[in-house]
DNA sequence: ATCATGCTTAGCCATATTGCTAAGTAATCC
DNA sequence: GGATTACTTAGCAATATGGCTAAGCATGAT
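Chains as they are written, first to last, in the working numbering: chain A, 6 to 125; chain B, 6 to 125.
Spelled out as structure tokens, the structure:
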């Protein structure tokens, strides 16, 4: 089913750098060439390229070279993989608290029953 | 407002390791001592401790030592920070596609108008 | 008091990450 | 053709990461 299952490790790793998050965020607003992405970072181009290739390997962006400029665009669908994992965790947690509440409710019921029977 | 704003860099960094994700996932089901978390990893205890301290610094878990055992529990609220950032990105993207669709709709309208006027 | 348990500290090793500069290549402009 | 632009490649340095072993240190059991 999952044709290109995105690697959560690559994904979170790519997102763990503020420069890369800023670049991705910028690309979410629309495609941009490398130099435009580089400008606000104040970093050297090779450094920026490195960040971009990390984002690309994580499938968070895709790039296409036309002439001498390389255009980068976000692949927003990939973020879904991260969101999905986070949602899974929340579900696990909620299942746990649900069980806990059910258990506490049972305790409460039994306590009430005890009070009902004076011979307890 | 945000008393302990979780650092997204620390957060995503902590989540970028499969061992740590597994340990966190386990803790979402309920608290556990270090040795229980260590067991399924097959790793040496110091290594596990290292992972745990990364999770703790990212505020994804909290630990408490009683006697000679240290109990670890998840801090699920922290995951919200990650979810929030991802949601922001999705919003940025959607705002962009909305603008795009509005633009395309405008194009469509103008084209229709042109067709309406035979002198175009 | 002794011993086992459950971390904890210290330190080492290999590799990965994040930045740089210098030099190269290919496309566009004049 | 020659200069300029926009990346690209190669390679280096500093630090971070992820694993280990060996030894230390309390606590709980006998």
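The beta carbon of each residue, even a glycine, is placed where N, CA and C say it ideally should be.
Following the continuous beta strand (DSSP E) through residue i, name the residue where it begins and the one where it ends.
i                    : result
residue 83 (chain B) : Counting along the chain, residue 83 (chain B) falls outside any beta strand (DSSP E), and DSSP gives it neither H nor E.
Counting along the chain, where does the alpha helix (DSSP H) carrying residue i start and finish?
i                    : result
residue 49 (chain A) : Per DSSP, residue 49 (chain A) belongs to no alpha helix (DSSP H) and is neither H nor E.
residue 31 (chain A) : 23-33
residue 16 (chain A) : 13-20
Measure from the C-beta of residue i to each C-beta in chain A and report whether the shortest distance is under 7 Å.
i                     : result
residue 102 (chain B) : no
residue 21 (chain B)  : yes
residue 14 (chain B)  : yes
residue 65 (chain B)  : no
residue 60 (chain B)  : no
residue 81 (chain B)  : yes
residue 76 (chain B)  : no
residue 2 (chain B)   : Residue 2 (chain B) cannot be examined here, being either before or after the span of chain B that is shown, 6 to 125.
residue 112 (chain B) : no
residue 72 (chain B)  : no
residue 34 (chain B)  : yes
Can you look up residue i in the DSSP assignment and give me helix, strand or coil?
i                     : result
residue 104 (chain A) : helix
residue 125 (chain A) : Bear in mind that the predicted position of residue 125 (chain A) carries a pLDDT of just 43, short of 50, making it unreliable; the figure below should be weighed with that in mind. The answer is coil: DSSP assigns residue 125 (chain A) none of H, G, I, E or B.
residue 76 (chain B)  : strand
residue 37 (chain B)  : strand
If you measure from the beta carbon of residue i to each beta carbon in chain B, is any gap under 7 Å?
i                    : result
residue 91 (chain A) : yes
residue 88 (chain A) : yes
residue 28 (chain A) : no
residue 50 (chain A) : no
residue 17 (chain A) : yes
residue 84 (chain A) : yes
Under the assumption that residue i contacts residue j (Cβ atoms under 8 Å), give the Cβ distance between them as a whole number of angstroms.
i                     : j                    : result
residue 101 (chain A) : residue 33 (chain B) : 7 Å
residue 76 (chain B)  : residue 51 (chain B) : That belief does not hold up - the Cβ atoms of residue 76 (chain B) and residue 51 (chain B) are roughly 19 Å apart, past 8 Å.
residue 74 (chain B)  : residue 45 (chain B) : That belief does not hold up - the Cβ atoms of residue 74 (chain B) and residue 45 (chain B) are roughly 18 Å apart, past 8 Å.
residue 49 (chain A)  : residue 65 (chain A) : The Cβ separation is near 22 Å, so there is no contact.
residue 14 (chain B)  : residue 22 (chain A) : 7 Å
residue 88 (chain B)  : residue 24 (chain A) : Contact flag wrong, Cβ pair sits at about 22 Å.
residue 53 (chain B)  : residue 60 (chain B) : Between residue 60 (chain B) and residue 53 (chain B) the Cβ distance is about 11 Å, and since that is not below 8 Å, they are no contact.
residue 81 (chain B)  : residue 98 (chain A) : 5 Å
residue 63 (chain A)  : residue 19 (chain A) : 4 Å
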